[in-house]
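In UniProt numbering, the protein residues as written are 1 to 280.
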């Protein structure tokens, strides 16, 4: 009975990993249902590639977990699932980018904040983050977030130029048979990305200056490679060695005991020496 109970305990998934797998499975099945529903309604034309891509997106956590194992922690996959749900499922599939004017700005702001966690992930993997200066960690995470924001804008621009998409805004005729795209959408996205990254800067600075976790200690432990010690702020304070170990105390008493007790042969030798002095 105990063997069965221990086997069940070993098979139990951590809560965060269970959330990632359950959410990904539900959203994958939801995307399949949406594809079939739109096919039956005759509204799938022109949207199949987008919907199929969104469906495959929810298989990434399963494939990533099988490939990378514990190299990518559950917290990183949870961040991926949450952002993909907001940006891809609600924004693209459910059409919030078109119906809610501020949704795109909110997603770029959130992307700037969450992109800093990608930087923190790399910092924890490549070094002992507890030994790094907080200012270096902040600048590194900030730079990584802006890098991903710039790469995303390059991706959108490439899609607009090569495929005729309108991710960066509508095509504006240039009067010479061509067209161009206003840079306002791109600059707004970059500014929102920067604002989100600055929120992380304030978050991490408050964590470093106050010495409180603010949810970051647990994330850093999850990001750290297996077997690496937890950050110094998380380690319990070491108690002073107020009490000596029993063997140490006994060892400390041995010299006094040895001086206090005379061995029999030492006593006989001293007595013999005194008799010789009297006879002399």
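We put the CB at the ideal spot given by N, CA and C, even for glycine. Remember, predicted model here, so these are calculated numbers, not experimental data.
Using beta-carbon positions only, say whether residue i and residue j come within less than 9 Å of one another.
{"i": "residue 38", "j": "residue 18", "result": "no"}
{"i": "residue 224", "j": "residue 124", "result": "yes"}
{"i": "residue 144", "j": "residue 119", "result": "yes"}
{"i": "residue 105", "j": "residue 188", "result": "yes"}
{"i": "residue 201", "j": "residue 142", "result": "yes"}
{"i": "residue 76", "j": "residue 121", "result": "yes"}
{"i": "residue 181", "j": "residue 170", "result": "yes"}
{"i": "residue 59", "j": "residue 24", "result": "yes"}
{"i": "residue 132", "j": "residue 194", "result": "no"}
{"i": "residue 79", "j": "residue 114", "result": "yes"}
{"i": "residue 116", "j": "residue 196", "result": "yes"}
{"i": "residue 198", "j": "residue 112", "result": "yes"}
If we count the other Cβ atoms within 10 Å of its Cβ and call it buried at 16 or more, is residue i buried or exposed?
{"i": "residue 138", "result": "buried"}
{"i": "residue 40", "result": "exposed"}
{"i": "residue 129", "result": "buried"}
{"i": "residue 26", "result": "exposed"}
{"i": "residue 61", "result": "buried"}
{"i": "residue 215", "result": "exposed"}
{"i": "residue 220", "result": "buried"}
Hey, quick one: how far does the alpha helix (DSSP H) through residue i stretch, first residue to last?
{"i": "residue 199", "result": "184-210"}
{"i": "residue 103", "result": "103-126"}
{"i": "residue 181", "result": "Element bounds for residue 181: n/a, residue is neither H nor E."}
{"i": "residue 218", "result": "216-223"}
Let me check understanding here. Comparing Cα to Cα, which of the options lies closest to residue i?
{"i": "residue 20", "options": "104, 57 and 147", "result": "57"}
{"i": "residue 108", "options": "118, 83 and 201", "result": "83"}
{"i": "residue 33", "options": "211, 217, 55 and 132", "result": "55"}
Alpha helix (DSSP H) runs contained entirely in the stretch 34-95, provided each spans 4 or more residues: 48-57, 60-68 and 74-84
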